[in-house]
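S.K.:
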Amino acid sequence: MPVHRRCGMFPRSKPECEKAQAHNISRCCNAIRGLKIICLVLPLLFSSSCAQEMMNQKRVDPQEATAAWGNRSSMRALPAHTVPAKESIMDQMGGPHATLWQARSPAEEILPPDKIDESNLPDIPATLNDSHNLLETVQRGQNRFQIWCTPCHGQLGNGNGEVARRGYYYPASFHTPRLRAKSLGYFFEVITQGKKHMPAYRFMIPPDDRWAIAVYLRALQFSQHAPESMLTETDLNQLKTKP
503 MPVHRRCGMF
513 PRSKPECEKA
523 QAHNISRCCN
533 AIRGLKIICL
543 VLPLLFSSSC
553 AQEMMNQKRV
563 DPQEATAAWG
573 NRSSMRALPA
583 HTVPAKESIM
593 DQMGGPHATL
603 WQARSPAEEI
613 LPPDKIDESN
623 LPDIPATLND
633 SHNLLETVQR
643 GQNRFQIWCT
653 PCHGQLGNGN
663 GEVARRGYYY
673 PASFHTPRLR
683 AKSLGYFFEV
693 ITQGKKHMPA
703 YRFMIPPDDR
713 WAIAVYLRAL
723 QFSQHAPESM
733 LTETDLNQLK
743 TKP
């Protein structure tokens, strides 16, 4: 019988050598197949310890009964002397107008045009007119205007403030015929409620200061568009002598 000396450590015949090689290949294939099964089964074993606790939280739905309380009600009674909060924190920045601070599209596309009823807006309240010195009111309004309004509206009220010049929307100039014809009550309401890109300031500026700003706006409008008939002779001479 011919001997094949290259198969294993001992001389073997060629058929025996081929049979041994086939057996070894079969053992390797079985080992690989077993590893595959182990790799598939192990993740399943570990996954059984994973719970969806964040997804399936212990909670009660609205109006659902619960065993946590004696009356089985999930809705707790309000403590004694509890009062409702009338305004939210967003109202301090103007309610829905607060969302317009960073808006990059025209305000009319986000909010409907504001409708301020101007039929019964006073030019200046009688109580404010009677209890305040007009000059002091104008000076107070100028001070508040420079604090709250100048950043957007500019010192002259022409809408060329530093905020607008750095990328925000340019507000309307107070010196247009449309705004010169508005009553002081209109400006008071706009400061109070906000309009378009301007937030409401009713929680940040007291009512007296809002009226003072409105009074100063009228003085500011007059300074930029004063009729010649209302100027004194001295004022006219000063204007004529200016280069």
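First residue of the sequence shown? That's 503 in this note's numbering, and the numbers climb one at a time after it.
Each residue gets a CB set at the ideal place from its N, CA and C atoms; glycine is no exception.
For the structure I just gave you, are there three or more beta carbon pairs, one from the segment 728-735 and one from the segment 675-684, closer than 8 angstroms?
M.R.: Judged by Cβ distances under 8 angstroms, the segment 728-735 makes no contact with the segment 675-684, as fewer than three pairs qualify.
S.K.: Can you give me the C-alpha to C-alpha distance between K697 and V717, rounded to a whole angstrom?
M.R.: Here residue 697 refers to the residue found at position 195 of the sequence shown. Here residue 717 refers to the residue found at position 215 of the sequence shown. Rounded to whole angstroms, K697 to V717 spans 19 angstroms at the Cα level.
S.K.: Between which two residues does the alpha helix (DSSP H) holding R720 run?
M.R.: Locating residue 720 in the sequence shown gives position 218, where the first residue counts as 1. Element bounds for R720: P709 to Q726.
S.K.: Helix, strand or coil, according to DSSP, for M700 in the structure here?
M.R.: Locating residue 700 in the sequence shown gives position 198, where the first residue counts as 1. If DSSP states are grouped into helix, strand and coil, M700 belongs with the strands.
S.K.: For S675, which residues from the same chain have a beta carbon less than 6 angstroms from its beta carbon, with the 5 sequence-adjacent residues on both sides left out?
M.R.: Translated into the one-based positions of the sequence shown, residue 675 becomes position 173. For S675, where only same-chain residues beyond five positions count, the Cβ hits under 6 angstroms are N660 and G661.
S.K.: Where do the ends of the alpha helix (DSSP H) carrying I649 lie?
M.R.: Counting from one through the sequence shown, the residue named residue 649 turns up at place 147. That run of the alpha helix (DSSP H) goes L636 to W650.
S.K.: Checking the sheet assignment: what are the DSSP bridge partners for A567?
M.R.: Locating residue 567 in the sequence shown gives position 65, counting from the first residue. A567 is bridged to S575.
S.K.: Just the C-alpha distance for R668 and R704, rounded to the nearest angstrom, thanks.
M.R.: Taking the first residue of the sequence shown as position 1, residue 668 is located at position 166. Taking the first residue of the sequence shown as position 1, residue 704 is located at position 202. R668 and R704: Cα-Cα distance of roughly 26 angstroms.
S.K.: As a quick exercise: from K538, L738, H634 and E735, pick the residue whose alpha carbon is nearest that of D711.
M.R.: Taking the first residue of the sequence shown as 1, we reach residue 711 at position 209. Among K538, L738, H634 and E735, the Cα nearest to that of D711 belongs to H634.
S.K.: Let me confirm a value: S724 is counted as buried when at least 16 other C-beta atoms fall within 10 Å, else exposed. Which label applies?
M.R.: Within the sequence shown, residue 724 is the residue found at index 222, counting from 1. The sequence shown places Phe at residue 724, not Ser. The residue in question, F724, is exposed, as its Cβ has fewer than 16 Cβ neighbours within 10 Å.
S.K.: Provide the residue span of the alpha helix (DSSP H) that contains G687, from first to last.
M.R.: The count along the sequence shown starts at 1 and reaches residue 687 at position 185. From DSSP, the alpha helix (DSSP H) with G687 extends over L686 to Q695.
S.K.: With distances taken from CA atoms, which of R574, P545, L733 and I693 is nearest P708?
M.R.: Within the sequence shown, residue 708 is the residue found at index 206, counting from 1. Checking every option, the nearest Cα to that of P708 belongs to I693.
S.K.: Mind pulling the beta strand (DSSP E) runs of 3 or more residues that sit fully within the segment 654-689?
M.R.: Runs of the beta strand (DSSP E) inside the segment 654-689: none found.
S.K.: By how many angstroms is the C-alpha of Q740 removed from the C-alpha of R720?
M.R.: The residue given as residue 720 occupies position 218 in the sequence shown. The residue given as residue 740 occupies position 238 in the sequence shown. C-alpha separation (whole angstroms): 22 angstroms.
S.K.: Would you say V717 lies against chain B (beta-carbon separation less than 8 angstroms)?
M.R.: The question asks about chain B, but that chain is absent: this structure has only one protein chain.
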